[in-house]
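Enquirer: Position one of the sequence shown corresponds to residue 7 (my numbering), numbered consecutively onward.
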Amino acid sequence: MAAPTRVTGVSVALTTATTPKTTATTPKITAALNIAVGDIFVVCGGACGPSSGMGTNPSVSAGAVTWILQKSVSATGYGDLKLWSGTVTTASASATVSLTGTGGLSWGFVVEQYRNGTVGASVVNHASTGVPTIALTIGAANSAIVSGSTDFNASTGILPGPPSTVR
Numbered sequence: 007m008a009a010p011t012r013v014t015g016v017s018v019a020l021t022t023a024t025t026p027k028t029t030a031t032t033p034k035i036t037a038a039l040n041i042a043v044g045d046i047f048v049v050c051g052g053a054c055g056p057s058s059g060m061g062t063n064p065s066v067s068a069g070a071v072t073w074i075l076q077k078s079v080s081a082t083g084y085g086d087l088k089l090w091s092g093t094v095t096t097a098s099a100s101a102t103v104s105l106t107g108t109g110g111l112s113w114g115f116v117v118e119q120y121r122n123g124t125v126g127a128s129v130v131n132h133a134s135t136g137v138p139t140i141a142l143t144i145g146a147a148n149s150a151i152v153s154g155s156t157d158f159n160a161s162t163g164i165l166p167g168p169p170s171t172v173r
């Protein structure tokens with residue numbers, strides 16, 4: 007099996023070093039993307055704060071995508087992280103991806119777009135102290151691995167990306 011082709015990766019800003027943890031604007035929208043039928047999106051959205059949350063599924067402005075929530079984790083008082091996959095069912099030369107946050111002090115998302123791939127395993131873990139670990143079994147050769155994380159205590163807020171892609 008050939009490796010999936012990474013078409014693009016887009017990060018929608020969460021915070022900056024000069025204004026940490028203050029980007030509650032909603033919804034947030036990517037720049038325009040050229041999407042083809044069968045493309046796979048992986049969207050990682052993260053929010054921080056005691057009353058934070060991620061909204062419902064992402065949406066596209068043109069074309070059509072069928073979304074599946076792969077994993078969701080909420081660390082009470084610290085934040086939320088959600089990971090969606092989506093398969094493009096109608097193409098568009100100029101589609102944007104948007105996501106809505108709810109009640110967060112700071113939030114944002116990362117979009118990864120792949121061609122010639124499928125979605126396999128997904129795992130999740132979290133820790134209120136220390137570093138969480140996961141065990142992931144790769145389902146096929148030439149796999150792409152996408153990961154996300156949030157860190158409420160980071161000096162510049164949360165960082166759900168950029169995702170790691172490993173082949």
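C-beta atoms are modelled at their ideal positions from N, C-alpha and C, and glycine is treated no differently.
#1: Hey, could you find the ends of the beta strand (DSSP E) A101 is sitting in?
#2: Around the Cβ of I35, are there at least 16 other Cβ atoms within 10 angstroms (buried) or fewer (exposed)?
#3: What residue range is occupied by the uninterrupted beta strand (DSSP E) comprising L39?
#4: Assign A53 to buried or exposed, taking buried as 16 or more other Cβ atoms, counted over all protein chains shown, within 10 Å of its Cβ.
#5: Could you compute how far the alpha carbon of I41 sits from the alpha carbon of V71?
#6: I'd like the list of long-range same chain contacts for G145, defined as Cβ closer than 6 angstroms, with 5 residues on each side in sequence excluded.
#7: Considering only the beta carbon of each residue, do N122 and T14 sit closer than 8 angstroms?
#8: Verify whether the separation of the beta carbon atoms of I140 and N148 is less than 8 angstroms.
#9: Have a look at S98 and V66 and give me their C-alpha separation to the nearest angstrom.
#10: Taking only three categories from DSSP, how would you classify S155?
#11: Looking at the unbroken beta strand (DSSP E) that takes in S17, where does it start and where does it end?
#12: Among all the DSSP beta bridges, which residues are the ones paired with Q119?
#13: Residues in its own chain within less than 6 angstroms of V16 by CB, not counting five upstream and five downstream?
#14: Answer yes or no: does any C-beta atom of chain B fall closer than 8 angstroms to that of D45?
Expert: Let me spell this out:
#1: 98-101
#2: exposed
#3: 39-41
#4: buried
#5: 10 angstroms
#6: G126, A127
#7: no
#8: no
#9: 10 angstroms
#10: coil
#11: 11-18
#12: T14, F47
#13: T36, V117
#14: Annotation note: the requested chain B is absent from the structure, which comprises a single protein chain.
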